[in-house]
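Before any comments, here is the structure.
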Amino acid sequence: MPNGTDIIDKQIAEAIARIDLVLDRNVRLVWVVLAMSSVIFIVGAVLLLIGFKNGDWKILTPSALMTGLLYWPINKILTIRKENIQLAVVPALIKTLPPEKAAEQIIKLIEKLDTK
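Read in order, the letters of the sequence shown are residues 3 to 118 in this note's numbering.
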């Protein structure tokens, strides 16, 4: 019959496994966002070149707007990077805590991630 410490250790192991899954998902998400930002950059640069070549402000304005859209993917990548760093550190820190304290910290982490 498992005691309370074994149950907590199992829950900690499951939480660490979930953290690893989130980190893997975030890597895929970063690649998607990088692809999106590359497309935005290329379209903006092409429009900018065409606009300068033709001297047409009707083309230059959308190119500036397309380039301005790069803010979102860059911001998203920075947010994901910050989350990855936080999640990567958690397993090492939790392993150093007593099981009860580790469980409390995992609950706090889950609550924090649920609010995002």
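We put the beta carbon where it would ideally sit given N, CA and C, even for glycine.
8 Å contact criterion, which residue i and residue j should meet: CB distance rounded
i	j	result
N86	L25	6 Å
V35	P64	22 Å between Cβ atoms; not a contact.
is_contact[residue i, chain B] using C-beta, thresh 8 Å
i	result
L72	Within the model displayed, chain B is absent; a lone protein chain is all it includes.
CB contact flag (residue i, residue j, <8 Å)
i	j	result
L31	I82	yes
G53	L62	yes
V92	L111	yes
I14	A94	no
Q88	I96	no
D11	P101	yes
From the options, residue whose alpha carbon lies closest to that of residue i
i	options	result
Y73	K55, P100, M38 and D58	M38
A47	L80, G70 and A19	G70
I79	L51, I18, V29 and P64	V29
E113	I9, A17 and L51	A17
Endpoints, alpha helix (DSSP H) assigned at residue i
i	result
P75	Y73 to T98
G70	W59 to G70
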